[in-house]
Amino acid sequence: MDDEEARTRLLDTAEELFYAEGVQAVGMDRIRTGSGVPLKRLYRVFPAKEALVEAYLDRRDQRWMTSLRTAVAAAGPEPAAAAAAVFDWLAEWFAEPGFRGCAFLNAHGELGAGPAGVREVVRRHKAQLRELLGEVAGPGATELADRLMILVEGATAVASLDPGPAPALRARDMAELLLVRSGSR
Numbered sequence: 000m001d002d003e004e005a006r007t008r009l010l011d012t013a014e015e016l017f018y019a020e021g022v023q024a025v026g027m028d029r030i031r032t033g034s035g036v037p038l039k040r041l042y043r044v045f046p047a048k049e050a051l052v053e054a055y056l057d058r059r060d061q062r063w064m065t066s067l068r069t070a071v072a073a074a075g076p077e078p079a080a081a082a083a084a085v086f087d088w089l090a091e092w093f094a095e096p097g098f099r100g101c102a103f104l105n106a107h108g109e110l111g112a113g114p115a116g117v118r119e120v121v122r123r124h125k126a127q128l129r130e131l132l133g134e135v136a137g138p139g140a141t142e143l144a145d146r147l148m149i150l151v152e153g154a155t156a157v158a159s160l161d162p163g164p165a166p167a168l169r170a171r172d173m174a175e176l177l178l179v180r181s182g183s184r
């Protein structure tokens, strides 16, 4: 097993365990055992748990944002269609087995003012999401984008307590009203 294979195995295991159980509840021993990566190689690839948490969140950010951007792009340039695509995508995500809310806010909530690198990944993810919502809202629609962000985050929080598509669908309805009110529809 080379370092790249070890990295992939470690990240796959970390993502499964950290998302399901929380960052603090999962020790490096469980990551090592679950991944089958020898201890020496684990610490060569990720010298500290913080580095593994950052890499897990970075990888999740890339996958999550790429998937969401693809859904929005497929909807076309009209703000109403693009906004509907955001919330339809969220509805699918919320209905996935094992959905536990936003991995970024979960990690931030657990670690608080903890590792600066983890905080930076969380901030960067949220900034990218806000940027995408700005694109959805259209040029000069900063306030609309901020409101869409609140709807996305609120729907995600509600769904983390009561998984399923309903929170996203309700948020989509509210987004449609905001778009009508703003004249973007």
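Residues 0 to 184 (numbering that gives the first Met the number 0) make up the sequence shown, in order. C-beta atoms are modelled at their ideal positions from N, C-alpha and C, and glycine is treated no differently. Just so we're clear, the structure is a prediction, and the values are computed from it rather than from any experiment.
query: Roughly how many angstroms lie between the CA atoms of Thr7 and Gly182, to the nearest whole one?
result: Cα-Cα distance, rounded: 46 Å.
field: Rounded C-alpha distance that separates Ala74 from Tyr42
entry: One alpha carbon belongs to Ala74, the other to Tyr42, and they sit about 43 Å apart.
- request: Could you name the residues of the same chain whose beta carbon sits closer than 8 Å to that of Glu130, not counting the 5 residues immediately before and after it, in chain order?
  value: The beta carbon of Glu130 is closer than 8 Å to none in its chain, skipping five residues each way along the sequence.
task: Verify whether the separation of the beta carbon atoms of Leu143 and Met173 is less than 8 Å.
output: The answer is no: Cβ separation not under 8 Å.
- request: Would you please state the rounded distance, in angstroms, between the beta carbons of Leu178 and Ala72? I believe it to be under 8 Å.
  value: About 18 Å separates the two Cβ atoms, so there is no contact after all.
- prompt: With distances taken between CB atoms, is the gap from Leu56 to Val117 smaller than 8 Å?
  reply: Contact: yes.
- request: Check Gly33 in the structure and name its three-state DSSP category.
  value: In the three-state DSSP reduction, Gly33 falls in the helix class (H, G or I).
message: Please return the same chain residues whose Cβ sits closer than 7 Å to the Cβ of Arg59, not counting the five positions on each side in sequence.
response: Closer than 7 Å at Cβ, skipping near neighbours: Glu14 and Ala102.
message: Give me, in chain order, the residues of the same chain whose beta-carbon lies closer than 8 Å to that of Ala170; leave out the 5 immediate sequence neighbours on both sides.
response: These residues qualify, in order along the chain: Phe86, Leu89, Leu150, Val151, Gly153 and Ala154.
For Met0, the three-state DSSP class (helix, strand or coil): DSSP places Met0 in coil when its eight states are reduced to three.
- prompt: Would you say Val22 and Ala106 are within 8 Å of each other, going by their C-beta atoms?
  reply: Against a cut-off of 8 Å, the Cβ pair of Ala106 and Val22 comes out as a contact.
message: Assuming Ala19 and Gly97 are in contact, meaning their beta carbons sit under 8 Å apart, how far apart are those beta carbons, in whole angstroms?
response: Indeed they touch by this definition, with Cβ atoms about 6 Å apart.
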